[in-house]
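Colleague:
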Amino acid sequence: MNDFKQLHLGVDRRQFITASAAAVGLAAISHAMPAKADTIIAPEKPRTREALLALLDDTAWVPIGPDNEKHIYVLGAPWCPHCKNLYFEAKKIEKAVQFRWVPGFTNSTWAQQVNLLTAGTRDARVLDQIYNKIQPADLIPQGANWALKWNEDVVDLVELGQPGAGATPVIYIPLGSELRRMAGEETAANFMKLASSIARRPASMTIIPKASAVAGTISKSWEISRSLSLTPVSDTMPLPVRVAPTLEAPVFFNLPPEKALDVKGATITTNGEKWVYLSLSGNGFLERGGWCAADQVYVNDGNKTPVTF
Numbered sequence: 003m004n005d006f007k008q009l010h011l012g013v014d015r016r017q018f019i020t021a022s023a024a025a026v027g028l029a030a031i032s033h034a035m036p037a038k039a040d041t042i043i044a045p046e047k048p049r050t051r052e053a054l055l056a057l058l059d060d061t062a063w064v065p066i067g068p069d070n071e072k073h074i075y076v077l078g079a080p081w082c083p084h085c086k087n088l089y090f091e092a093k094k095i096e097k098a099v100q101f102r103w104v105p106g107f108t109n110s111t112w113a114q115q116v117n118l119l120t121a122g123t124r125d126a127r128v129l130d131q132i133y134n135k136i137q138p139a140d141l142i143p144q145g146a147n148w149a150l151k152w153n154e155d156v157v158d159l160v161e162l163g164q165p166g167a168g169a170t171p172v173i174y175i176p177l178g179s180e181l182r183r184m185a186g187e188e189t190a191a192n193f194m195k196l197a198s199s200i201a202r203r204p205a206s207m208t209i210i211p212k213a214s215a216v217a218g219t220i221s222k223s224w225e226i227s228r229s230l231s232l233t234p235v236s237d238t239m240p241l242p243v244r245v246a247p248t249l250e251a252p253v254f255f256n257l258p259p260e261k262a263l264d265v266k267g268a269t270i271t272t273n274g275e276k277w278v279y280l281s282l283s284g285n286g287f288l289e290r291g292g293w294c295a296a297d298q299v300y301v302n303d304g305n306k307t308p309v310t311f
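Here it is, written out as structure tokens:
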């Protein structure tokens with residue numbers, strides 16, 4: 003199965019490391035260490051059940067089963083035998099509860115290609131083919147790299163600090179006011195025991211995840227304006243850094259006003275708005291980057307001079 007055709011984007015991603023800027027199509031961006039590399043840039047981990055579920059809702063998840071007010075999120079991997087077993091157990095009860103499969107773990111070029119196809123199409127047939135050791139014939143759709151990067155960042159964020167983080171699969175079940183996290187495979191029988199307690203979420207039953215909507219829009223509308231090299235800071239408020247160059251994308255970091263980074267990046271224009279990519283590095287991860295609106299970036303010259311593009 004590992005001879006799966008390399009369609010494009012042959013960039014490896016280790017578990018729990020966010021894909022580099024090149025993985026979202028910005029070959030002009032190079033990485034730079036921050037001016038304060040000894041300080042970890044802390045992600046904004048969701049603090050409530052509702053905030054975490056909102057992040058999962060907006061990933062490019064794959065529906066297993068018809069629309070349902072009751073649904074379970076699964077963070078899975080294409081190579082994982084436990085994920086495979088869980089997938090087939092989920093199929094047994096897909097009419098009782100919808101499983102929403104979030105492809106977001108990558109450990110090889112092959113796995114990345116599979117995840118791109120899965121996140122890009124959101125088609126359960128791909129999962130079925132992979133776990134039955136059938137090579138998919140579909141092509142990776144345009145914009146899939148944006149959708150997968152969104153998923154990877156959400157996986158990193160919700161799993162941060164969790165026991166056994168990085169292992170697969172991980173299951174998130176809204177049980178009443180609790181959002182229960184379960185690591186490892188479960189049987190259909192065990193899920194059915196919990197089915198009556200799974201919270202109904204009618205507002206999230208038929209939704210188009212933002213990751214998918216954004217992926218389609220950005221892939222058709224963005225262009226690199228120019229490369230740049232600057233040491234940016236925010237003004238008086240923390241600088242919101244997002245997974246994609248759109249206000250629809252969640253904020254994954256709030257860069258403090260006093261935080262300065264030596265950055266080589268690029269500005270882009272999408273839907274008439276200018277954005278800048280910040281390549282962030284620090285202890286605890288190899289590289290993590292994100293986007294902020296260009297009008298929120300200031301030069302670290304002591305005067306908070308806005309960056310002009």
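In my numbering, the protein residues as written are 3 to 311.
Backbone N, C-alpha and C define an ideal beta-carbon position, used for all residues, glycine too.
#1: Take A98 and list the residues in its own chain whose beta-carbon comes closer than 6 Å to its own, dropping the five residues that flank it on each side.
#2: Is the beta carbon of K276 less than 7 Å from the beta carbon of A296?
#3: Quick check on the DSSP output: the beta strand (DSSP E) that includes V1 runs from which residue to which?
#4: Could you say which of L177, A139, R183, I142 lies nearest to A160 if we only look at CA atoms?
#5: In chain order, what residues of the same chain lie with their CB nearer than 7 Å to the CB of A213, ignoring the 5 residues before and after it?
#6: Could you tell me which uninterrupted beta strand (DSSP E) segments, each at least 3 residues in length, are contained entirely in the stretch 173-197, listed from first to last along the chain?
#7: At which residues does the alpha helix (DSSP H) containing F90 begin and terminate?
#8: For T208, which residues of its own chain have a beta-carbon under 8 Å away from its beta-carbon, when the five flanking residues on both sides are left out?
#9: When the Cβ atoms of the stretch 106-113 are set against those of the stretch 72-84, are three or more pairs found closer than 8 Å?
#10: Could you check the C-alpha separation between F90 and P240 for me, to the nearest Å?
#11: Alpha carbon to alpha carbon, how far is T269 from W293? Give it in angstroms, no decimals.
#12: For I220, count neighbouring C-beta atoms within 10 Å of its own C-beta (all shown protein chains included) and say buried if the count is 16 or more, exposed if not.
#13: What three-state label does DSSP hand A167 in the structure shown?
#14: Are the stretch 121-136 and the stretch 167-177 touching, with three or more C-beta to C-beta distances below 8 Å?
#15: Exposed or buried, what is I210 when buried is set at 16 or more other beta-carbons lying within 10 Å of its beta-carbon?
#16: Could you tell me which residues DSSP puts in a beta bridge with G78?
#17: Do you know offhand how far F101's Cα is from A190's?
#18: Whose CA, out of G291, Q298, T248, lies closest to the CA of G274?
#19: So is E180 buried or exposed if we call it buried at 16+ other beta carbons inside 10 Å?
#20: How far does the beta strand (DSSP E) with V64 in it reach, from first residue to last?
#21: Exposed or buried, A23, counting other C-beta atoms within 10 Å across all chains shown (16 or more means buried)?
#22: Sorted by chain position, which residues of the same chain lie with C-beta nearer than 6 Å to V156's C-beta, five sequence neighbours on each side aside?
#23: With 16 other CB atoms within 10 Å as the buried threshold, where does G166 fall?
#24: I need the straight-line Cα distance from V243 to N147, nearest angstrom please.
#25: Rounded to the nearest angstrom, what separates A121 and V64 at their Cα positions?
#26: Do the CB positions of I66 and A92 come within less than 7 Å of each other?
#27: Give the secondary structure of I209 by DSSP, where H, G and I count as helix, E and B as strand, and everything else as coil.
#28: Would you call E52 buried or exposed, if buried means 16 or more other Cβ atoms sit within 10 Å of its Cβ?
#29: Expressed to the nearest angstrom, what Euclidean distance is found between the alpha-carbon atoms of Q298 and T307?
#30: Between G178 and S199, what straight-line distance do the alpha-carbon atoms span, to the nearest angstrom?
#31: Under three-state DSSP, which class holds E275?
Modeller: For this structure:
#1: In the sequence shown, the residue the question calls residue 98 occupies position 96. If the five residues before and after A98 are omitted, its C-beta is found closer than 6 Å to the C-beta atoms of A197, all from its own chain and listed in chain order.
#2: Numbered from its first residue, the sequence shown carries residue 276 at position 274. Numbered from its first residue, the sequence shown carries residue 296 at position 294. For K276 and A296, yes; Cβs fall inside 7 Å.
#3: Outside the modelled stretch of the chain, which goes from 3 to 311, sits residue 1, for which no answer is possible.
#4: Taking the sequence shown and counting its residues from 1, the one referred to as residue 160 is at position 158. Per the sequence shown, the amino acid found at residue 160 is Val instead of Ala. The candidate whose alpha carbon is nearest that of V160 is R183.
#5: The residue given as residue 213 occupies position 211 in the sequence shown. The residues are D60, T61, A62, A149, W152, N153.
#6: List check, beta strand (DSSP E) in window: 180-185.
#7: Position 88 of the sequence shown, counting from 1, holds the residue named residue 90. It spans 83-94 - the alpha helix (DSSP H) in which F90 sits, taken as one unbroken run.
#8: If you number the sequence shown from 1, residue 208 lands on position 206. Excluding residues within five positions, the ones whose Cβ falls inside 8 Å are D69.
#9: yes
#10: Looking up residue 90 in the sequence shown gives position 88. Looking up residue 240 in the sequence shown gives position 238. For the pair F90 and P240, the Cα-to-Cα distance works out to about 45 Å.
#11: The sequence position of residue 293 within the sequence shown is 291, counting from 1. The sequence position of residue 269 within the sequence shown is 267, counting from 1. Each residue's alpha carbon lies about 9 Å from the other.
#12: Counting from one through the sequence shown, the residue named residue 220 turns up at place 218. Counting the other CB atoms within 10 Å of its CB gives I220 a total of 16 or more, which places it among the buried residues.
#13: Taking the first residue of the sequence shown as position 1, residue 167 is located at position 165. Correct three-state label for A167: coil.
#14: The stretch 121-136, when compared against the stretch 167-177, does not touch it at the 8 Å Cβ threshold.
#15: Locating residue 210 in the sequence shown gives position 208, counting from the first residue. That one is exposed.
#16: Along the sequence shown, one-based indexing puts residue 78 at 76. Looking at the DSSP assignment, G78 forms a beta bridge with P105.
#17: Numbered from 1 along the sequence shown, position 99 holds the residue referred to as residue 101. Numbered from 1 along the sequence shown, position 188 holds the residue referred to as residue 190. F101 and A190: Cα-Cα distance of roughly 12 Å.
#18: If you number the sequence shown from 1, residue 274 lands on position 272. Considering only alpha carbons, the answer is T248.
#19: Your numbering for residue 180 matches position 178 in the sequence shown. By the neighbour-count rule (16 or more Cβ atoms within 10 Å), E180 is not buried but exposed.
#20: For the purposes of this step, residue 64 is identified with residue 62 of the sequence shown, where counting begins at 1. According to the DSSP assignment, V64 belongs to the beta strand (DSSP E) that extends over 64-66.
#21: Reading the sequence shown from its first residue, position 21 is the one you call residue 23. Since pLDDT at A23 reaches only 33, below the 50 mark, its modelled position is unreliable, and no value is offered.
#22: Reading the sequence shown from its first residue, position 154 is the one you call residue 156. Within the same chain, L57, T61 come within 6 Å of V156 by CB-CB distance, once the 5 residues on both sides are set aside.
#23: On the sequence shown, residue 166 is found 164 positions in, with the first residue counted as 1. Burial call: exposed.
#24: Here residue 243 is taken as the residue at index 241 of the sequence shown, counted from 1. Here residue 147 is taken as the residue at index 145 of the sequence shown, counted from 1. Each residue's alpha carbon lies about 18 Å from the other.
#25: Working through the sequence shown from its first residue, we reach residue 121 at position 119. Working through the sequence shown from its first residue, we reach residue 64 at position 62. Between A121 and V64, the C-alpha separation is close to 7 Å.
#26: As a working mapping, residue 66 is identified with position 64 in the sequence shown. As a working mapping, residue 92 is identified with position 90 in the sequence shown. Against a cut-off of 7 Å, the Cβ pair of A92 and I66 comes out as a contact.
#27: On the sequence shown, residue 209 is found 207 positions in, with the first residue counted as 1. Coil.
#28: Walking along the sequence shown from the start, residue 52 turns up at place 50. Flag for E52 reads exposed.
#29: The residue labelled residue 298 in the question sits at position 296 within the sequence shown. The residue labelled residue 307 in the question sits at position 305 within the sequence shown. Near 11 Å, if we compare the C-alpha coordinates of T307 and Q298.
#30: Mapped onto the sequence shown, residue 178 falls at position 176. Mapped onto the sequence shown, residue 199 falls at position 197. Going from the Cα of G178 to the Cα of S199 covers about 6 Å.
#31: If you number the sequence shown from 1, residue 275 lands on position 273. Assigned with DSSP and collapsed to three states, E275 falls in strand.
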